[in-house]
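Residues 0 to 696 in numbering that gives the first Met the number 0 are what the sequence shown spells out, letter by letter. Heads up, the thing below is written out as structure tokens.
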Amino acid sequence: MSKVTDLYGSMVFNEHVMRERLPKTTYKQLMKTIKEGAPLNEDVANVVAHAMKEWAIEKGATHYTHWFQPLTGITSEKHDSFIDPADDGCAIMTFSGKELIQGEPDASSFPSGGLRATFEARGYTAWDPTSYAFIKDEVLCIPTAFCSYTGEALDKKTPLLRSMKAIETQGRRVLDLFGDDSSDRVTTTLGAEQEYFLISEKDYEKRLDIMLTGRTLFGYPPVKGQELEEHYFGAIRPTVNEFMKELDDELWALGISAKTKHNEVAPAQHELAPIFAETNRAVDENLLTMEKMKLLASHYGLVCLQHEKPFESINGSGKHNNWSISAGGRNLLDPGENPMENLRFLVFLTGVIEAVDEYQELLRMSAASAGNDHRLGANEAPPAIVSMFLGDELGAIVEALIDDHDYTSAERVSMDLGVDVLPNFIKDNTDRNRTSPFAFTGNKFEFRMPGSAQNLSDVNMVLNTAMAKSLKEFADQMEGKTGEEFEAAAIDYIKRTLRDHERIIFNGDGYSEEWEKEAERRGLANHRTTADALPCLVDQKSIDLFAEFGVLTEDEVRSRYEVKLEKYNKIMNIEIRAMKRLVRRDYLPAINRYAAKLANGITSIRNVLPEGDTSFMEDKLKKLVEGAAEINRQLEKLHSLHRASLEVADQQERANMNAHEIVPVMDALRAAVDAMEIIVEREAWPVPTYNEILFYA
Numbered sequence: 000m001s002k003v004t005d006l007y008g009s010m011v012f013n014e015h016v017m018r019e020r021l022p023k024t025t026y027k028q029l030m031k032t033i034k035e036g037a038p039l040n041e042d043v044a045n046v047v048a049h050a051m052k053e054w055a056i057e058k059g060a061t062h063y064t065h066w067f068q069p070l071t072g073i074t075s076e077k078h079d080s081f082i083d084p085a086d087d088g089c090a091i092m093t094f095s096g097k098e099l100i101q102g103e104p105d106a107s108s109f110p111s112g113g114l115r116a117t118f119e120a121r122g123y124t125a126w127d128p129t130s131y132a133f134i135k136d137e138v139l140c141i142p143t144a145f146c147s148y149t150g151e152a153l154d155k156k157t158p159l160l161r162s163m164k165a166i167e168t169q170g171r172r173v174l175d176l177f178g179d180d181s182s183d184r185v186t187t188t189l190g191a192e193q194e195y196f197l198i199s200e201k202d203y204e205k206r207l208d209i210m211l212t213g214r215t216l217f218g219y220p221p222v223k224g225q226e227l228e229e230h231y232f233g234a235i236r237p238t239v240n241e242f243m244k245e246l247d248d249e250l251w252a253l254g255i256s257a258k259t260k261h262n263e264v265a266p267a268q269h270e271l272a273p274i275f276a277e278t279n280r281a282v283d284e285n286l287l288t289m290e291k292m293k294l295l296a297s298h299y300g301l302v303c304l305q306h307e308k309p310f311e312s313i314n315g316s317g318k319h320n321n322w323s324i325s326a327g328g329r330n331l332l333d334p335g336e337n338p339m340e341n342l343r344f345l346v347f348l349t350g351v352i353e354a355v356d357e358y359q360e361l362l363r364m365s366a367a368s369a370g371n372d373h374r375l376g377a378n379e380a381p382p383a384i385v386s387m388f389l390g391d392e393l394g395a396i397v398e399a400l401i402d403d404h405d406y407t408s409a410e411r412v413s414m415d416l417g418v419d420v421l422p423n424f425i426k427d428n429t430d431r432n433r434t435s436p437f438a439f440t441g442n443k444f445e446f447r448m449p450g451s452a453q454n455l456s457d458v459n460m461v462l463n464t465a466m467a468k469s470l471k472e473f474a475d476q477m478e479g480k481t482g483e484e485f486e487a488a489a490i491d492y493i494k495r496t497l498r499d500h501e502r503i504i505f506n507g508d509g510y511s512e513e514w515e516k517e518a519e520r521r522g523l524a525n526h527r528t529t530a531d532a533l534p535c536l537v538d539q540k541s542i543d544l545f546a547e548f549g550v551l552t553e554d555e556v557r558s559r560y561e562v563k564l565e566k567y568n569k570i571m572n573i574e575i576r577a578m579k580r581l582v583r584r585d586y587l588p589a590i591n592r593y594a595a596k597l598a599n600g601i602t603s604i605r606n607v608l609p610e611g612d613t614s615f616m617e618d619k620l621k622k623l624v625e626g627a628a629e630i631n632r633q634l635e636k637l638h639s640l641h642r643a644s645l646e647v648a649d650q651q652e653r654a655n656m657n658a659h660e661i662v663p664v665m666d667a668l669r670a671a672v673d674a675m676e677i678i679v680e681r682e683a684w685p686v687p688t689y690n691e692i693l694f695y696a
């Protein structure tokens, strides 16, 4: 057995470990809970807790924690030791079923969007047995949901699990209509491609903007960027390669199927892609991956940047959400090989098209953040307009159904209007469209809009719930129909629904001005900023969707809207304050010192050589003086707007002001400072430049 196979999953209390360590009866009951959602009684929990503790102690664990995802979007943990002091001065190691199932962290210090007052501190964590417990840094980590004393969801996991239940229920109804009477669960799967930057720790420590905000607030484009296209899939730096090796080992031990690693398009940018997993577990694994990336980078004198746009003028970092639906290992977005499988595929495909069109604004909202606002719309990131790419062949099939005409593929396989024959697709049978936010890639959809720093729970909660709505509508209409009547009604549903939602399908260049105009003509939303995107979350249409499937109550929806608004405004406030401080204390003083040095140089030359030509130096000095004056003007404008924004009590109004009034001034201030970077001599510039940061040794 190879080292990797020995290592893989060694720190996970997975199904293999459970089978070995639990009594058969307990194992079966636990599997029933995990796979069917059956309730778990305390006696079973006690047996599981004991086995889990013994296994963890053998692996070196001394503490346990309920590992959860508050509305901050990152993970949280409070460590409790297994130690239980005895009367004789010794100690025993204990862990009960009650401690496994439920914890009680302080709920007042996490964002709640008004669900909890500061004095209402009590909150509960509840074990999620569908995501395996694992050991990290000698701590047994138990994935949990997080809710308030009164039952409201205070986390990202709970609504995701609810949405998965919704799509399972409605997906099962649809499969039953196709005569599939198996007990297979309908689940969604996710493969999260994670992009990130690695830079030198030494450069990081000299860039206060990166330290405070995760991105460069200033910086002139590098002399060499990504135009030679030589970094993509290029040879990996030795130091980076060593980091990637350790990262692989750590992730494999945690049962995370890190599969692919490579250099991305931008210099110093990289990507890791895992094999897909059930969505809930895949989200947990992605959050662990992000954490490990940040922690391990320091072992190699590096810093991992997961901001969506750390550097201007080159690619930002996304997190591609590869989403599909499966039942018992069968991918329901695979076209299939016989007429009924083909028809089933078209029903599910049509459901996705309807869901994305109906809830395009919610999908855009789910990927909205201050960082992603800088990324969307260029350098291989999709635009802010949500559309779907189907590719040539599938697009032609959909077009034939919409227009009611026969279809013949390049292989001369025909499809009549009864959908008796559907061409056997070759996976990824069409060119990819990197400007499309939502692209079909053979047997799944790749949602390219989310940013690299994002917790993917929100995205998949929206996708799952919207898809559950589409499947429910189909099942409601088809209920009671069988045989030829069902097939005819299903085909009619497909055609009718595709005609109603064909506006969302676009296979062209998402960056073009023509598409922006065409999208407007089609009635598609174009929310360029987070401030524009967030209000749709509290539209009645959104509230009704989540309520219908029990994913979020109206109060829970509104709380998330408030949390997202507050986070956006807080990030903007931090960036504005950092920008003002850097300009006042670093950039302007450096420019002024260099201008004074240049002026003294001109004076000295004239004293020695009165007829000497110093015009080029005078021109440079003039640019420096004028540049400093422009910087000061923009700085004062920013300061004035910032103070005014802090007086705006309404968070949405403040967000609008930040997005539409303050960001343009921040851009102008940045441009003014960056223009000076290429005039001031290198030794006088106060921070490492893009040339140094991106092309470190």
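All C-beta atoms in this analysis are idealised placements derived from N, C-alpha and C, irrespective of residue type, glycine included.
Taken through DSSP and simplified to helix, strand or coil, Tyr-195 comes out as strand. Assignment of beta-bridge partners to Lys-135 by DSSP yields Val-138.
Closest in C-alpha terms to His-404, from the list Lys-494, Leu-332, Met-364, comes Lys-494. Taking a cut-off of 8 Å for Cβ pairs, the region 73-93 and the region 535-550 do not touch, as fewer than three such pairs fall below it.
Assigned with DSSP and collapsed to three states, Gly-600 falls in helix. Pairwise C-beta distances place the region 655-669 out of contact with the region 161-179, as fewer than three of them are shorter than 8 Å. The C-beta distance from Ser-558 to Leu-114 rounds to 5 Å, short enough to meet the 8 Å contact threshold. Around the C-beta of Gly-59, fewer than 16 other C-beta atoms lie within 10 Å, and the residue is accordingly described as exposed.
Contact check for Glu-270 and Glu-194: beta-carbon distance about 5 Å, within the 8 Å limit, so the pair qualifies.
Each residue's CA atom was taken as its position, placing Glu-561 and Asn-454 some 17 Å apart. The Cβ atoms of Ala-452 and Ala-530 do not sit closer than 8 Å to each other. DSSP places Phe-347 within a helical segment (H, G or I) once states are collapsed to three. For Lys-77, there is no enclosing beta strand (DSSP E), as DSSP gives it neither H nor E. Rounded to whole angstroms, His-230 and Asn-690 show a C-alpha spacing of 15 Å. By a beta-carbon distance limit of 8 Å, Thr-124 does not contact Phe-81. Their separation comes to about 17 Å.
Cβ contact annotation for Lys-579 (same chain, cutoff 7 Å, sequence separation greater than five): Leu-634, Leu-637, His-638, in chain order.
Arg-280 and Gly-509 have their C-alpha atoms some 32 Å from each other. Judged by their CB atoms, Ala-380 and Gly-327 are not nearer to each other than the 8 Å cut-off. Less than 8 Å divides the Cβ of Leu-581 from the Cβ of Asp-208.
Taking C-beta atoms as the reference points, Glu-555 and Ala-152 count as a pair closer than 8 Å.
The criterion of a C-beta distance shorter than 8 Å is satisfied by Val-11 and Leu-253. If you keep only unbroken alpha helix (DSSP H) runs of at least 4 residues inside the region 551-593, you get 553-581. Assigned with DSSP and collapsed to three states, Pro-273 falls in strand. The beta-carbon distance between Leu-29 and Val-3, rounded to whole angstroms, is 28 Å. This is too long to meet the 8 Å contact definition. With respect to Ile-677, Tyr-219 sits close: the two C-beta atoms are nearer than 8 Å. For the pair of segments examined, the region 350-370 was found to touch the region 464-483: the number of CB pairs separated by less than 8 Å reaches three. Leaving aside the five residues that flank Gly-300 on each side, the residues in its chain whose CB is nearer than 8 Å to its CB run, in chain order, Ser-199, Glu-200, Lys-201, Thr-238. Residue pairing from DSSP places Ala-438 in a beta bridge opposite Phe-388, Glu-445.
For His-298, there is no enclosing alpha helix (DSSP H), as DSSP gives it neither H nor E. In this structure, Asp-372 is the residue among Asp-372, Leu-462, Lys-291, Arg-363 with its C-alpha nearest to the C-alpha of Tyr-567.
In its chain, beyond the 5 residues on either side, His-65, Thr-124 have a beta carbon closer than 6 Å to the beta carbon of Gly-102. The three-state reading of DSSP puts Asn-330 in strand, counting E and B together. Looking at the backbone, the Cα of Thr-93 and that of Asn-40 are separated by about 19 Å. In this structure His-298 is exposed. Its beta-carbon is surrounded by fewer than 16 other beta-carbon atoms within 10 angstroms. Unbroken beta strand (DSSP E) runs of no fewer than 3 residues, entirely contained in the region 198-248, are not found. According to the DSSP assignment, Gly-370 belongs to the alpha helix (DSSP H) that extends over 369-374.
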